[in-house]
Structures are given as C-alpha cells and as structure tokens.
Amino acid sequence: MFPDVDLDNNGQNDLTEPGKGKNWVIERWVAGVDKFLNKLRSLLGPNKLIVINTGSQDLPTASAVNGLYFENTGGLFNWDYDKNIMPQLHSRAAQPPIFTLNNKTDPSNPTSKGVGGSKNDFIYMRFGLARAMLFGQYFDLHTWESGEHYWTEYYDEFDLDVGYPTGNMYEVKRGIWVRFFDKGAVIANVNNTNTTVTDAELRSAPGYAGPYWRFQGGQDPAMNNGQQFNSLTLNGHSFTGYGNATIIVGDGVVLVKTPQTVVADMVIDNVRSATTAGSPAASFSGSWQQVCEEGGSQYYTLRCASWVDNSYGMHLTTDRSATATFRPKIGVSGPYEVFEWHGQPNSGDAATSVTYTITHTGGSANKTVNQRNNVGRWNSLGTYLFTAGSNAEVKILSAGASGTVVADAIKFVYQNGSGPEPDNDPPAPPQNVRIEN
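Numbering-wise (my numbering), the sequence shown opens with residue 166 and increments by one.
Below is the structure:
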C-alpha cells in the first residue's frame, strides 16, 4: 500500500487521518473494485470471462468474476485451509469457474538448487501441477530466475491428455490425495515427509478404474518410466521461506490408463533461459559475442533484456576456430526430427555456408546451412535415431564459413513412433523348398 492515500480527495492522508486508517482505506478500495467489476460485467454480458489477480484468495464481486489468478504461489502454508477454501471459491464464482495456480520456484527450496537452474526442479513442478488438477485449476510455472514472469517453463506432463475428472478428490491415506479422470489419475502428497502410496490403496477410492501406468517421459525418466503403477514413494519436505514461514513441498504424479510415451519438444538455446527443462544450454569454444536488439533480430528467445540474466538473443562469431555445441538430454530412445533456428546479425554479413554436425546413434551427419536464408524460423536438418543417455549433439562449426556465423537454437522433436512401422509378423513358412547337400 502506498504511504500517502487520499481516496476522498480532502487533502489529508487517509492512513493517518483521525477516524480513518488502513482498514477504512481497504474497505473503500474493495468497494471501488467491486463497482468497477460489476460495471465491466454489465458491459461485457454473461458470455465473457473475467479473471482477476487480487494478490490473495479473496474473491470480490463473486457473481461478476469467473475466477482468480493465484500469482507467485509456491509450496503449502496450510493444506486444510486450501482444501476447504478452494471449492468455496469455485462455487461462488461466475460460471464457468476459471482459476489458475501460478507457481514460482523459491531459491530457499533445497530441491530448486540443482545444476541448470530451478526449472529442473521437477518435484516442485509436479507438486504444483497435482494440486491444480485436484482442484480443477489451470497451472503454469515460472522460475525465480525469470523475474516478473519474463518467461514460463514447459514440461512433458503438459502434453498429456487425461480427459475430464470423473469425481472430486479423495484422501486415500493421511496426506495422500487422488483424483480420477476419464483417461488417468493424479496423486499428490501434501505431507512434509516422503510417503508411499500403492495401487491397492488407490483401489479403495471411489472412481478407481485402473490399472494405471506412469507415462514414459523424456525430461524426468526416473519418475515417468512408463511402468505400470504398483507402488510409489512421493517426496515430501519443508523449508523456511520468505518471512521465515515454514513451507511444505510434497510431490505428485500424473498417471494414465494406457501405456504411452510423451516427450515435449526440446529446445537447446544459446542461453539457459530459453532452454527446455532437463537439458543444458549450448556450450561454446573460441570467441563469441552475445547480442540482443543491438546486434541482430529475429533470433529465438523467450526474453532478451540486459537486466535479465541469461537472456541474450543469439551468439555471433567470425573466429574460424569457434564451435557451438547443443547437447539435449535424451530420456527416451527413438527418432527425433532436428531443427535449427538462426537470427539475423545487424551487420548483414551472415555466413552462407555453415556446417552443422549431428551426432546420432548411427554415427554423424553434416548439413550445410545458408544463414542468410530462412531467418527467424525452424528449419529441419532431418530425422535421426537417438539413444537415451547417449552423447547426442548438434555442433555448429565456424570453420570453412565466410561472414558472421550465428549460433541460436536447436530443437529436437520426438516422432512418437512415426515413420515406417516395424514388421512384427513372422514370414509365411516356405513352400516347395528342397535342401540339397
């Protein structure tokens, strides 16, 4: 709240004026917001959605507002409060209810301090996603490194289709909650200790329609291993966060009814901010220049700003010994189509023959790219087989090029079994064959 507020325009600070004060200001401020929202609803009519961010779990003018955007949420402060207030908010809101849980990683959280930034805190992400699914809410996540929502992250789970919920959430044991969907289920551990849940325990819940499987995913294959769900220990811990508050972070898992492989597109960028979770940003040898608007345009980026760490648009070089190496973390073996993206240097002298070397399961392949053409778009370099855990890579070589070489972004798109289907039928027995010595 601003230190000097004068809502009634009498020339005095309402916060210190006798007979008024902070509560008086809040009461009138909320009344003004309600008046505005009711007027907005009358102008838009009943068939438009209104979602607001109040900075709290308060829902003013419930009949006018479809829902709230819960910004910068993290772990749990009080699960009992959440599980009681969320259904109330949904029922009070204008229909259909539209609520979004926006998670932001916390630098104080011990699981958010791994190599590559807090985007790789899959436990934290799954916990937020599972809570949102339990309550029937949308979900997004941005990292503390991204500042004020400069970019958001994308995960394998976001590409799953579990259909519509078949009932409300249900507590199968202390702190373990499940909700079933047409094509799957979600489980959340809201305890601050590791807790095991079994398929036998799920069977006691109304709406069980298993068996269920963990999908096979590329970013966190240890959790999303494609195996039938029988038993799983979900993480749970607590830490001291902002304002010395004790924050609980549990874990979650999304299950499916049929075995399936889901691998989100992997982008390996020249900087960490635009690189997909689970994989490292490109590495460089030789002399390179990092640029944003002052050095070029049409580069791949989620945010390019001098005040945001790891947010440059692209790398440029004229050093003929320089290389840029893009190494994805391959969690699922199979065919991937490989794409490159290059921006345009302001110098206008982009190289016309740049070598891209793709190292794959079968060996390596060289592709030559004219970086003056097809700028600011994804350009296919072909489809190749990659093995999980292998040293797959795409290397950009400055050697042999003339002009400025651009290193920007490489994308790996899992083909999900596309291409020629394997022939699993045995051949027919041979006929009229005679074996001679």
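Glycine included, C-beta positions come from ideal geometry on N, C-alpha and C.
Treat the numbers as computed from the prediction; the structure is a model and nothing was measured.
Using the rule of at least 16 other Cβ atoms within 10 Å of the residue's Cβ for burial, across every protein chain shown, is N602 buried or exposed? Against the sequence shown, residue 602 aligns to sequence position 437. Note that N602 has pLDDT 48, beneath the 50 cutoff, so the model's placement of it is unreliable and no number is given.
Please state if the CB of D416 and the CB of N354 are separated by a distance shorter than 8 Å. Sequence index remark: in the sequence shown, residue 354 carries index 189 (1-based). Sequence index remark: in the sequence shown, residue 416 carries index 251 (1-based). Yes, the pair counts as a contact, with Cβ atoms nearer than the cut-off.
Runs of beta strand (DSSP E) lying entirely within the region 524-555, each at least 3 residues, in chain order: 528-534, 544-551
Assign G496 to one of two classes, buried (16 or more other C-beta atoms within 10 Å of its C-beta) or exposed (fewer than that). In the sequence shown, the residue the question calls residue 496 occupies position 331. Burial call: buried.
Are the beta-carbon atoms of E459 and C469 separated by less than 8 Å? Here the question's residue 459 lines up with position 294 in the sequence shown. Here the question's residue 469 lines up with position 304 in the sequence shown. In this structure, C469 does not lie closer than 8 Å to E459 by Cβ.
Buried or exposed: A564, going by 16 or more other Cβ atoms within 10 Å of its Cβ? For the purposes of this step, residue 564 is identified with residue 399 of the sequence shown, where counting begins at 1. A564 should be labelled exposed.
Could you tell me if N356 is buried or exposed, where buried requires 16 or more neighbouring beta carbons within 10 angstroms of its beta carbon? The sequence position of residue 356 within the sequence shown is 191, counting from 1. Counting Cβ neighbours within 10 Å, N356 comes out buried, since at least 16 surround it.
Could you spell out the range, first to last residue, of the alpha helix (DSSP H) harbouring P252? Indexing the sequence shown from 1 puts residue 252 at position 87. Element bounds for P252: 244-257.
Could you check what DSSP says for Y335 in three-state terms: helix, strand or coil? Counting from one through the sequence shown, the residue named residue 335 turns up at place 170. It is a strand residue.
Tell me which residues share the same chain as S583 and place their Cβ nearer than 6 Å to its Cβ, disregarding the 5 neighbours each side in the sequence. Sequence index remark: in the sequence shown, residue 583 carries index 418 (1-based). Unreliable placement is indicated for S583, whose pLDDT of 45 sits below 50; no coordinate value is reported for it.
With W453 and L420 assumed to form a contact (beta carbons below 8 Å), what rounded beta-carbon distance in angstroms separates them? Reading the sequence shown from its first residue, position 288 is the one you call residue 453. Reading the sequence shown from its first residue, position 255 is the one you call residue 420. Rounded, the Cβ-Cβ distance is 44 Å, inconsistent with contact.
For M298, which of helix, strand or coil comes out of DSSP? Position 133 of the sequence shown, counted from the start, is the residue given in the question as residue 298. M298: helix per DSSP, three-state reduction.
Let me know if L224 comes out buried or exposed under the rule of 16 or more other beta-carbons within 10 Å of its beta-carbon. One-based indexing of the sequence shown puts residue 224 at position 59. Buried is the call here.
Evaluate contact between the region 403-418 and the region 288-302, counting only Cβ atoms and requiring at least three cross-stretch pairs below 8 Å. yes
Consult DSSP for P275 and reduce its assignment to one of helix, strand or coil. By 1-based counting over the sequence shown, the position of residue 275 is 110. Correct three-state label for P275: helix.
Opposite D305 in the DSSP bridges: which residues? Here residue 305 refers to the residue found at position 140 of the sequence shown. For D305, which the question treats as bridged, DSSP gives the partners N267.
Buried/exposed call for E336, threshold 16 Cβ in 10 Å: To locate residue 336, count along the sequence shown from 1; it is residue 171. Burial call: exposed.
How many Å lie between I575 and P376 at the Cα? Working through the sequence shown from its first residue, we reach residue 575 at position 410. Working through the sequence shown from its first residue, we reach residue 376 at position 211. Distance between the alpha carbons of I575 and P376: 38 Å.
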